[in-house]
Amino acid sequence: MELKCTKDSGRLVVAVKGRMDAVTAPDFEKGCAAEIDRGEKDMIVDLGGLEYISSAGLRAILSTAKRLKAAGGGIRFCSLKGMVQEVFTVSGFSSMFPIHDALDEALKD
Amino acid sequence: MELKCTKDSGRLVVAVKGRMDAVTAPDFEKGCAAEIDRGEKDMIVDLGGLEYISSAGLRAILSTAKRLKAAGGGIRFCSLKGMVQEVFTVSGFSSMFPIHDALDEALKD
Amino acid sequence: MGRRAETLCLPAGMESLEAFRSFVLGRAAAWGLPESVLQKVDLVLEEVLVNSISYAYPEGRGQVEVACSLDQGLFRLTVSDRGRAFDPLARKDPAPVTDLDKAAVGGLGIHLVRAMSDEQAYRRTKDKNELSIGFRLPDQTPPTPPRTT
Amino acid sequence: MGRRAETLCLPAGMESLEAFRSFVLGRAAAWGLPESVLQKVDLVLEEVLVNSISYAYPEGRGQVEVACSLDQGLFRLTVSDRGRAFDPLARKDPAPVTDLDKAAVGGLGIHLVRAMSDEQAYRRTKDKNELSIGFRLPDQTPPTPPRTT
Ligand SMILES: Nc1ncnc2c1ncn2[C@@H]1O[C@H](COP(=O)(O)OP(=O)(O)O)[C@@H](O)[C@H]1O
Ligand SMILES: Nc1ncnc2c1ncn2[C@@H]1O[C@H](COP(=O)(O)OP(=O)(O)O)[C@@H](O)[C@H]1O
Numbered sequence: 072m073e074l075k076c077t078k079d080s081g082r083l084v085v086a087v088k089g090r091m092d093a094v095t096a097p098d099f100e101k102g103c104a105a106e107i108d109r110g111e112k113d114m115i116v117d118l119g120g121l122e123y124i125s126s127a128g129l130r131a132i133l134s135t136a137k138r139l140k141a142a143g144g145g146i147r148f149c150s151l152k153g154m155v156q157e158v159f160t161v162s163g164f165s166s167m168f169p170i171h172d173a174l175d176e177a178l179k180d
Numbered sequence: 072m073e074l075k076c077t078k079d080s081g082r083l084v085v086a087v088k089g090r091m092d093a094v095t096a097p098d099f100e101k102g103c104a105a106e107i108d109r110g111e112k113d114m115i116v117d118l119g120g121l122e123y124i125s126s127a128g129l130r131a132i133l134s135t136a137k138r139l140k141a142a143g144g145g146i147r148f149c150s151l152k153g154m155v156q157e158v159f160t161v162s163g164f165s166s167m168f169p170i171h172d173a174l175d176e177a178l179k180d
Numbered sequence: 566m567g568r569r570a571e572t573l574c575l576p577a578g579m580e581s582l583e584a585f586r587s588f589v590l591g592r593a594a595a596w597g598l599p600e601s602v603l604q605k606v607d608l609v610l611e612e613v614l615v616n617s618i619s620y621a622y623p624e625g626r627g628q629v630e631v632a633c634s635l636d637q638g639l640f641r642l643t644v645s646d647r648g649r650a651f652d653p654l655a656r657k658d659p660a661p662v663t664d665l666d667k668a669a670v671g672g673l674g675i676h677l678v679r680a681m682s683d684e685q686a687y688r689r690t691k692d693k694n695e696l697s698i699g700f701r702l703p704d705q706t707p708p709t710p711p712r713t714t
Numbered sequence: 566m567g568r569r570a571e572t573l574c575l576p577a578g579m580e581s582l583e584a585f586r587s588f589v590l591g592r593a594a595a596w597g598l599p600e601s602v603l604q605k606v607d608l609v610l611e612e613v614l615v616n617s618i619s620y621a622y623p624e625g626r627g628q629v630e631v632a633c634s635l636d637q638g639l640f641r642l643t644v645s646d647r648g649r650a651f652d653p654l655a656r657k658d659p660a661p662v663t664d665l666d667k668a669a670v671g672g673l674g675i676h677l678v679r680a681m682s683d684e685q686a687y688r689r690t691k692d693k694n695e696l697s698i699g700f701r702l703p704d705q706t707p708p709t710p711p712r713t714t
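Residue numbers (the numbering used here), protein chains in the order written: chain A, 72 to 180; chain B, 72 to 180; chain C, 566 to 714; chain D, 566 to 714.
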């Protein structure tokens, strides 16, 4: 899994690539926690490069989302595809979080 | 396994690289048979690049050697190393065939 | 008569995940499972293995065995351990939670296993947990070619 | 108490050789076997597997199981099949032939198995052939460091 945090139009974009599984999911959680510690409250997670996610990945996302909400902010996702989209649907994550087709739409919101 | 047949000082040198196992040994036998069909009677087999040999490899060598002898010629080996040398020793092949340390010695003989 | 199952048995540790994965996906790919099914197998395998590894042997480490077979269009994955008895299919599937404050962290693995596979069966025989998951292959009938008149 | 054996069970076909090989060498390397022993394991595994694959199931195909374990400096490889009973260790080791005309093509596999391993045992239990081969690891005592005075 590869994690890249950048600022786009003043907003934090976390781009995730590869596989988010039981082995790599903690890296996502840690990477996001570091940004929250740095004062970030809102996060756009770009999953365009994510090929695989398991319940360990969902767990890492959920605790990140809870942290952001506790900080008074929130999380949104964009560019889900294939099995990642399917896992978001069957887990209810697609109803729990704002989901955008592409990054530019997420940035407009 | 990689097989390269060249002429050096007018003598046929067959250089073998990689692994000579149950899957690849028939390729050695076929490659040599083609040379014998073309009229070759004597062969120097350079095993300097061979990393592994199993009984299937010994079997392929033995039938090639029998063919060459039947044609009135013979086979010799050079540059054995590691486990290939050990397999030649415990199988008796080192006593059955002329073995040389290096190709230039085999060519002198 | 179907194919006999092919099995791999390794210690119940996270370091075994990758070997199990390449064994199962290697077999499944060799048997011609399409990418869409491979992804489901990949996910279900991780969920079931991680549970065995995390919960089956609270004191010390045991072994986990993974078997796969293909029979009449059904790819079957069976994961067994000799840990404490646990029937994951007896758990009521959680009602979908869409409120972040109410969502519990965890507990989604077994839900995904059900959602991503076509058949599930649990057996306890002697001291063995055996969870068997079936994936139906898409119909292989080739599409009717378009008419060219 | 040693490690429990780790096993892989696949169809008795030449197409299974590579999967068995990467399983066994992967385990052996993970357990720290030195290259010199790995090469012997590689060879012995091929010889024993090719025999099971070639001779155990004359009519149709069955399964072969490979187990490996490490216990007190002995790496043990066990190959089992449910084919016809055959004890390779009962064969008299052939006298070394050094005359090309007298050398028979074939029959060197079991000889190499013996020569390249430290222990061999065959068991027939019920309908199962079980050939177990042990490789002793070189003494791990680190060499005394040279004095620097
Ligand atoms: N093999 C098992 N043995 C014992 N308990 C298990 C086993 N698998 C799952 N469980 C229990 O079921 C619960 C739900 O499992 P799961 O849906 O995979 O979510 P998670 O593991 O993320 O909590 C686990 O928290 C655990 O208490
Ligand atoms: N698993 C087995 N079942 C039945 N017969 C076997 C088995 N393994 C070996 N044999 C017999 O033993 C002989 C010697 O085997 P081996 O030393 O490996 O040489 P090779 O297979 O090259 O002939 C074989 O030719 C075969 O007749």
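Every residue gets a Cβ at the ideal spot worked out from N, C-alpha and C, and that includes glycine.
Asked	Found
State yes or no: is the C-beta of GLY699 of chain D nearer than 6 Å to some heavy atom of ligand 1?	no
Please find out if some non-hydrogen atom of ligand 1 comes closer than 6 Å to the beta-carbon of GLY89 of chain A.	no
Is the distance from the Cβ of THR77 of chain B to the Cβ of VAL84 of chain B below 7 Å?	yes
Should SER617 of chain C and ALA584 of chain C be called a contact, given that it needs their Cβ atoms to be closer than 7 Å?	no
So, is GLY671 of chain C buried or exposed, given that buried needs 16 or more other C-beta atoms within 10 angstroms?	exposed
Going by the beta-carbon positions, is the gap between GLY674 of chain D and GLU612 of chain D smaller than 7 Å?	yes
What in chain C is Cβ-close to GLY144 of chain A, meaning under 9 Å?	Near GLY144 of chain A there are no residues of chain C at all, since even the closest Cβ is about 12 Å away, more than 9 Å.
Rank C:LEU665, C:ALA686, C:PHE640 and C:PRO661 by C-alpha distance to the C-alpha of SER601 of chain C and give the top, closest one.	C:PHE640
Run down chain C in chain order and give the residues with a C-beta less than 9 Å from the C-beta of LYS140 of chain A.	LEU665 and ASP666
Which residue wins for smallest C-alpha separation from SER166 of chain B, given the options D:SER634, D:LEU614 and D:ASP664?	D:ASP664
Name the DSSP beta bridge partners of ASN694 of chain D, please?	D:ASP646 and D:ARG689
Might you give, ordered along the chain, the residues of its own chain that have their beta carbon closer than 6 Å to the beta carbon of GLY128 of chain B, omitting 5 neighbours on each side?	MET91 and ALA96
List, from N- to C-terminal side, the beta strand (DSSP E) runs of 3 residues or more that fit wholly inside the segment 90-142 of chain B.	113-124
Under the DSSP definition of a beta bridge, which residues are partnered with PHE651 of chain C?	Note: PHE651 of chain C sits in no beta bridge, so no partner.
Shorter than 6 Å, the distance from the beta carbon of ILE675 of chain C to the closest heavy atom of ligand 1, or not?	yes
Once you ignore the five residues that flank ALA136 of chain B on each side, which residues in its own chain have a CB closer than 6 Å to its CB?	ILE146
Can we say the segment 116-127 of chain A touches the segment 148-165 of chain A, given the rule of at least three CB pairs closer than 8 Å?	yes
By alpha-carbon positions, which one of D:GLU695, D:GLU630 and D:PRO703 ends up nearest to LEU573 of chain C?	D:GLU630
List, in order along the chain, the chain C residues whose C-beta lies closer than 7 Å to that of LEU575 of chain D?	GLU571
So, using beta-carbon positions, are LYS691 of chain D and SER645 of chain D closer together than 7 Å?	no
Which value, in whole angstroms, describes the spacing of the CA atoms of LEU678 of chain C and ILE132 of chain A?	Sequence inspection shows Val at residue 678 of chain C; the Leu mentioned does not correspond to that position. Roughly 19 Å separates the two Cα atoms.
At a CB distance below 9 Å, what residues from the segment 581-605 of chain C approach chain D? Give them in sequence order.	SER581, ALA584, SER587, PHE588, GLY591, ARG592 and ALA595
Do you know whose CA, among C:ALA632, C:LEU702, C:ALA668 and C:GLU571, lies nearest ARG130 of chain A's CA?	C:ALA668
For GLY699 of chain D, which three-state DSSP category applies?	strand
Helix or strand or just coil, what does DSSP make of THR663 of chain D?	coil
Find out if the Cβ-Cβ distance for the pair ALA93 of chain A, VAL615 of chain C is shorter than 7 Å.	yes
Decide if SER619 of chain D is buried, meaning its Cβ has at least 16 other Cβ atoms within 10 Å, or exposed.	exposed
Using a Cβ-Cβ distance under 7 Å, would PRO659 of chain C count as near chain A?	no
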